[in-house]
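Trainee: The sequence shown begins at 0 in numbering that gives the first Met the number 0 and counts up one residue at a time. Dropping a structure here in C-alpha cells format, bear with me for questions.
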Amino acid sequence: MSQTYDFDGKVAIVTGSSSGLGEAIVCMLAKYGCRVTVHGRSEENVNRVAAKCHELSPKKYTPNICIGDLMDDQVIEKIVQTTVESFGQIDFLINNAGGHYQADFSNPNEVLKSYDFTFGLNVRSTLYLTSLAIPYLEKSKGVIVIISSIGSFSSFNNEKTIIYEMSKAALDHMVHGMALSYGRRGIRINTINPGPFKTAIYRNYSDQNEYEKELKSYEQISPLGRYGEPEELANLVIYLVSTNASYITGTNIVIDGGSSIPRFI
Numbered sequence: 000m001s002q003t004y005d006f007d008g009k010v011a012i013v014t015g016s017s018s019g020l021g022e023a024i025v026c027m028l029a030k031y032g033c034r035v036t037v038h039g040r041s042e043e044n045v046n047r048v049a050a051k052c053h054e055l056s057p058k059k060y061t062p063n064i065c066i067g068d069l070m071d072d073q074v075i076e077k078i079v080q081t082t083v084e085s086f087g088q089i090d091f092l093i094n095n096a097g098g099h100y101q102a103d104f105s106n107p108n109e110v111l112k113s114y115d116f117t118f119g120l121n122v123r124s125t126l127y128l129t130s131l132a133i134p135y136l137e138k139s140k141g142v143i144v145i146i147s148s149i150g151s152f153s154s155f156n157n158e159k160t161i162i163y164e165m166s167k168a169a170l171d172h173m174v175h176g177m178a179l180s181y182g183r184r185g186i187r188i189n190t191i192n193p194g195p196f197k198t199a200i201y202r203n204y205s206d207q208n209e210y211e212k213e214l215k216s217y218e219q220i221s222p223l224g225r226y227g228e229p230e231e232l233a234n235l236v237i238y239l240v241s242t243n244a245s246y247i248t249g250t251n252i253v254i255d256g257g258s259s260i261p262r263f264i
C-alpha cells in the first residue's frame, strides 16, 4: 500500500533541483501539495522543472525559481529572499546541490583547487544557506535534509574523490551538531547518504565507455544488482520531512541498495 502525504500550506526549498535527484525531490514535494523553490544553474532546466511542478501541484501552485551558482553568496541569499517574498515562510530546506572537482594528489595546485571548489560548493554553501534559513525554520518548526553520500564513511578507493569524501563527512558531522543545538527550538535535521543512483551526474565525469563500465561495476557491487532510481530517494526525503518522522533527527540515513556493506575480498 503506497503512502500519501498532504503538504498543502508547506513551503520547501530544494537546491540543485533542475535535474537528477533534486528534480525528483522537488517534483514529489509539489505533487503532495508543497509550494516549492526550484533552483539550478540552467535557466532552461529550471523552467522545465518548474512547469512540471506546476502541473503536478494539486492546486496548481506556481513555483518560485532561482537561477545561479551556489558558489556565489548572492545567489544563496536570493534563494531565501525570493522564497520568503513569494510564500512568506520556509518549512523544509533540502540541501541537495553538490559536486566535486577531481584532482590528482601528485599535483598540489590541483589539490588546492579541488579543495576550494568542493568544500565551497558542498560545505560552505550549505552552511550559509542553512544559517540564512534558520530564523524561518524556527518559526515553522521546520525540517532540514542534507544530501550527503556513502563516501562520507566509506572510501570510493579513488584518490580523485578523497576531497569529495571529506566534504561529505563534514556534512554528516554538521547534522549531529545542529541536531543538538536546534532540536529544542523545534528544528529537525538529518542527512541522506545515497550510494549509486542512475542520474546524469555520472556522464559528467566519464566518456561513454567509462560510463558504461561504471554502470556495470556498480550493478555488481549492489546486492540488489542495480542502481537506485531518483524517486526512491525522493520517497525517503518525503518521509523525513513528514510528521511520520517526528522523532528522527541528527541521523545519517543510508540508501544505497546495500552497496556499502563491509565485505572481505
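Heads up, the beta-carbon is just placed ideally off N, CA and C, and yes, glycines get one too.
What residue from I254, A132, S180, I162 has the CA that sits closest to T81's CA?
Mentor: For the purposes of this step, residue 81 is identified with residue 82 of the sequence shown, where counting begins at 1. Nearest C-alpha to T81: A132.
Trainee: Please determine if the region 242 to 252 and the region 217 to 232 are in contact, where contact requires at least 3 C-beta pairs separated by less than 8 Å.
Mentor: Short answer: they don't touch.
Trainee: Which same chain residues, not among the five before or five after N108, have their C-beta less than 7 Å away from its C-beta?
Mentor: Here residue 108 refers to the residue found at position 109 when the sequence shown is read from its first residue. Answer for N108: no residue qualifies.
Trainee: Using 8 Å as the threshold, is the C-beta distance between T190 and S124 below it?
Mentor: As a position in the sequence shown, residue 190 is number 191, starting the count at 1. As a position in the sequence shown, residue 124 is number 125, starting the count at 1. No.
Trainee: For the alpha helix (DSSP H) that A168 lies in, which residues bound it at each end?
Mentor: The count along the sequence shown starts at 1 and reaches residue 168 at position 169. 161 to 181 is the span of the alpha helix (DSSP H), which, as asked, contains A168.
Trainee: Say whether the region 110 to 124 touches the region 34 to 54, bearing in mind that this needs 3 or more beta-carbon pairs closer than 8 Å, one atom from each stretch.
Mentor: With the cut-off at 8 Å, the region 110 to 124 and the region 34 to 54 do not touch.
Trainee: Taking all protein chains shown into account, do 16 or more other C-beta atoms lie within 10 angstroms of the C-beta of I265, making it buried, or fewer, making it exposed?
Mentor: As shown, the chain starts at 0 and ends at 264. That puts residue 265 outside it, with no answer to give.
Trainee: Determine, using beta carbons only, whether R34 and I66 come nearer to each other than 8 Å.
Mentor: Sequence index remark: in the sequence shown, residue 34 carries index 35 (1-based). Sequence index remark: in the sequence shown, residue 66 carries index 67 (1-based). No, the Cβ-Cβ distance between R34 and I66 is not below 8 Å.
Trainee: Looking at Q88 and K138, is the spacing between their C-beta atoms short of 8 Å?
Mentor: Counted from its first residue, the sequence shown places residue 138 at position 139. Counted from its first residue, the sequence shown places residue 88 at position 89. Going by C-beta atoms, K138 is nearer than 8 Å to Q88.
Trainee: Name the two residues that bound the continuous alpha helix (DSSP H) containing P222.
Mentor: By one-based count along the sequence shown, residue 222 stands at place 223. Note, P222: premise wrong, no alpha helix (DSSP H); not H, not E.
Trainee: Which residue marks the beginning of the alpha helix (DSSP H) containing V240, and which one marks its end?
Mentor: For the purposes of this step, residue 240 is taken as the residue at position 241 of the sequence shown. Where V240 is concerned, the enclosing alpha helix (DSSP H) stretches over 229 to 240.
Trainee: Compute the beta-carbon to beta-carbon distance between P195 and L20, rounded to the nearest angstrom, for a pair I have assumed lies under 8 Å.
Mentor: Mapped onto the sequence shown, residue 195 falls at position 196. Mapped onto the sequence shown, residue 20 falls at position 21. The pair is not a contact, with the Cβ atoms about 12 Å apart (cut-off 8 Å).
Trainee: Could you name each continuous alpha helix (DSSP H) segment of 4 residues or more that falls completely within the region 22 to 78, going from the start of the chain to the end?
Mentor: The region 22 to 78 contains these whole alpha helix (DSSP H) runs: 42 to 55.
Trainee: Return the CA-CA distance between G15 and I93, expressed in angstroms with no decimal places.
Mentor: On the sequence shown, residue 15 is found 16 positions in, with the first residue counted as 1. On the sequence shown, residue 93 is found 94 positions in, with the first residue counted as 1. Those two C-alpha atoms are separated by around 9 Å.
Trainee: Please say whether V142 and L239 have beta carbons closer to each other than 8 Å?
Mentor: To locate residue 239, count along the sequence shown from 1; it is residue 240. To locate residue 142, count along the sequence shown from 1; it is residue 143. Their beta carbons are under 8 Å apart, which means L239 touches V142 by this criterion.
Trainee: I'd like to know whether the C-beta atoms of L136 and I78 end up nearer to each other than 8 Å.
Mentor: For the purposes of this step, residue 136 is taken as residue 137 along the sequence shown, with counting starting at 1. For the purposes of this step, residue 78 is taken as residue 79 along the sequence shown, with counting starting at 1. No, Cβ-Cβ distance for L136 and I78 is not below 8 Å.
Trainee: What does DSSP give as the partner residue(s) for N251 in the beta ladder?
Mentor: Residue numbering aside, residue 251 sits at position 252 when the sequence shown is read from its first letter. Answer is T190, bridged to N251.
Trainee: Give me, in chain order, the residues of the same chain whose beta-carbon lies closer than 8 Å to that of K58; leave out the 5 immediate sequence neighbours on both sides.
Mentor: Here residue 58 is taken as the residue at index 59 of the sequence shown, counted from 1. Excluding sequence neighbours, K58 sits near D7, G32.
Trainee: Give the range of the beta strand (DSSP E) segment to which F91 is assigned.
Mentor: By one-based count along the sequence shown, residue 91 stands at place 92. Where F91 is concerned, the enclosing beta strand (DSSP E) stretches over 91 to 94.
Trainee: Could you say which of I254, L170, D255 lies nearest to F118 if we only look at CA atoms?
Mentor: Position 119 of the sequence shown, counted from the start, is the residue given in the question as residue 118. Closest option to F118, Cα to Cα, is L170.
Trainee: Reducing DSSP to helix, strand and coil, say where I145 ends up.
Mentor: For the purposes of this step, residue 145 is taken as residue 146 along the sequence shown, with counting starting at 1. Note: I145 maps to strand in three-state DSSP.
Trainee: Could you give the first and the last residue of the continuous beta strand (DSSP E) run that contains V13?
Mentor: Looking up residue 13 in the sequence shown gives position 14. Element bounds for V13: 10 to 13.
Trainee: Tell me the residue span of the alpha helix (DSSP H) that contains A265.
Mentor: Outside the displayed span of the chain (0 to 264) sits residue 265, for which this structure offers no information.
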